[in-house]
Structure formats: C-alpha cells, structure tokens
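Enquirer: Numbering (the working numbering), first residue to last: 1478 to 1750.
Virtual Cβ for every residue (Gly too), placed ideally from N, Cα, C.
Please read through the structure below; I'll follow up with questions.
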C-alpha cells in the first residue's frame, strides 16, 4: 500500500506499507532546492542635486560663542633702500691770476669717497693732473708752483677741469685763471713739427731788450736763432725752418737776455719728426 507523506520541512516521503505492519521497503525523496526571495534593486535616481557628503563633508556648526578665526600670519617687511647721497661738486681757485714761481691752489669739495680727476692745461699745451679720491674731510687741495714759459702770444689763460664720480653720479666743473708774465717767456708752436717745415718761436721780456735763442737737438747739431730785440710791447717772433738733416726727437728752445744788470732766461720744447 502506498501513501504520500509531507514532512514539516516540505520533504516528500513515499512509503510502501504492507498489510500486517511489516515494512518491506522505504524510499526517501531527495530534498528539493529552497528558493530564497531577494529584494529587487532600487530604481535609478532621478534628476536633482547630487550630494557630496561622502566627498567633502560640511563643517560642523559653530558653537554659541562663534567659530574661531584664523590667526593672521605676519608678512616680512621689506628693508628700506638707502637713498644715494646727491653728488655736489665745488671747485675754488686760490688765485684768479698767478705769476710764475707763485703757488696756485685748487680746492675741490665733494662727498667723502668721491673719485676726482683734476687737470690743468696751460696755453702752450703743457699740462699737469692728479687722479685721486676725496677724504673724510670732504675736501681735496691740489697745489703747484706755476712754471714760466707756459703762455703763448695768443693766450695766457690756463684751463682747470675737474671730473667727479660717485657710484652712478657724475659731475664736472671748468675754471680758468690768468698766467702772469715771467721775466722772460718763450714759446714754440707747433709743438710737433716735421723736419723741413718752419716753426714759430715767440719771446717776451722787457721792451726793446736784446736776447739770444738757441735750439738744442737730441744730438749735437748746429742751429740757433741769433740775436734779436723785442718790440715796444715786449714781444718778438722768430720763424725758423727745421733742417731735414736735423736729428728727430725732442728739441729744447732756450732764450737768454740781460735785463737790469741780471741774466734772465726761459725754456720750452717741441718735437721734430
């Protein structure tokens, strides 16, 4: 006899029963798989603001006393730049007119540490100069004894030029003074002359005075200007040609006279080439 039995867990048993209560055989059915219901996925989100809570969470609310403020960071204050001292230059001459053998003083006033160049050019082209720096006193004095025979027939004015520099600043000044007559002055122009060309020799001394001129070359060479007499103004011009056979180089020009019972003289030079 066959009966269908359903167990509480849902298993199905088929039993074969025989009369008289004897069990001939019993078969147990294999358990069937149990289906577990799952929740369906949620629908896609619709349009609207996107939350960023998971990316950058908002700051917490401030306490009743207020949120703390950020402490300001001190910034570096730029150092003040030094303002350069304006360069001023003042030049003063001790004498507006200087006689030969008299001392001339050139005073330069400028800031300490200023580099200066002081140059003096005489009418005949000779010069003297100094390149130095102003000391702590702010003054520099350039003094010298005025030599004779530095004038020409055309000029007796000496030129003083001063150049000053301090950093990127630059100043210059020009002054003039007059050179007085010596007992005897002599000049030769041009200062450079080609052999075979002429040269002008000017002599100044007392009016109507006899004088002699000699030329001394680099090696012995017979040449001279002879004996001459100055005019009423004290000047006299000698034009002479430099021989082509004369030795090249420096030529000294010497003039001599006798005035008031004493011998006087003057000297200059030029170059022959």
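Leaving out five residues on either side along the sequence, give the residues of the same chain with a beta carbon under 8 Å from the beta carbon of residue 1634.
Expert: Answer for residue 1634: 1600, 1653, 1654, 1655, 1656, listed in chain order.
Enquirer: Along the chain, where does the beta strand (DSSP E) containing residue 1710 start, and where does it finish?
Expert: Segment: none, residue 1710 is in no beta strand (DSSP E) and carries neither H nor E.
Enquirer: I'd like to confirm the pairing. Which residues does DSSP put opposite residue 1657 in its beta bridges?
Expert: In the DSSP output, where bridge partners are listed per residue, residue 1657 has none listed.
Enquirer: Roughly how many angstroms lie between the CA atoms of residue 1598 and residue 1555, to the nearest whole one?
Expert: 50 Å
Enquirer: With distance defined between alpha-carbon atoms, name the residue in 1680, 1718, 1731, 1737 nearest to residue 1750.
Expert: Checked all of 1680, 1718, 1731, 1737; the closest Cα to residue 1750 is 1718.
Enquirer: Would you tell me roughly how many angstroms separate the C-alpha atoms of residue 1566 and residue 1643, rounded to the nearest one?
Expert: 11 Å
Enquirer: Pick helix, strand or coil for residue 1627, following the three-state DSSP scheme.
Expert: coil
Enquirer: How would you call residue 1488, buried or exposed, if buried means at least 16 neighbouring beta carbons within 10 angstroms?
Expert: Reliability of the predicted coordinates at residue 1488 is poor, the pLDDT of 49 falling under 50, and the value obtained from them is presented with this limitation in mind. When all chains shown are included, residue 1488 counts as exposed.
Enquirer: With a cut-off of 8 Å on the beta carbons, I'd call residue 1610 and residue 1583 a contact; round off their distance for me.
Expert: Not really, about 16 Å apart at Cβ, beyond 8 Å.
Enquirer: On the three-pair Cβ rule with 8 Å, is the segment 1619-1631 touching the segment 1658-1665?
Expert: yes
Enquirer: Could you name the residues of the same chain whose beta carbon sits closer than 6 Å to that of residue 1693, not counting the 5 residues immediately before and after it, in chain order?
Expert: 1729
Enquirer: Which runs of the beta strand (DSSP E) at least 3 residues long sit entirely within the segment 1554-1625? Give them in chain order.
Expert: 1567-1570, 1580-1586, 1592-1598, 1604-1610, 1616-1622
Enquirer: According to DSSP, is residue 1698 part of a helix, a strand, or is it coil?
Expert: coil
Enquirer: When the distance is taken between beta carbons, is residue 1638 closer than 7 Å to residue 1596?
Expert: yes
Enquirer: By how many angstroms is the C-alpha of residue 1678 removed from the C-alpha of residue 1744?
Expert: 11 Å
Enquirer: Given that a residue counts as buried once 16 or more other Cβ atoms are within 10 Å of its Cβ, and exposed if not, what is residue 1617?
Expert: buried
Enquirer: Excluding sequence positions up to five away, which residues of its chain have a Cβ less than 7 Å from the Cβ of residue 1607?
Expert: Correct list, in chain order: 1595, 1619.
Enquirer: Just the Cα atoms here: how many angstroms apart are residue 1670 and residue 1612?
Expert: 43 Å
Enquirer: Residue 1668: which of 1739, 1570, 1748 sits nearest, CA to CA?
Expert: Relative to residue 1668, the option among 1739, 1570, 1748 whose CA is nearest is 1748.
Enquirer: Would you report the Cα separation of residue 1776 and residue 1581, rounded to the nearest angstrom?
Expert: Residue coverage of the chain in this structure runs from 1478 to 1750, which leaves residue 1776 outside it and unanswerable.
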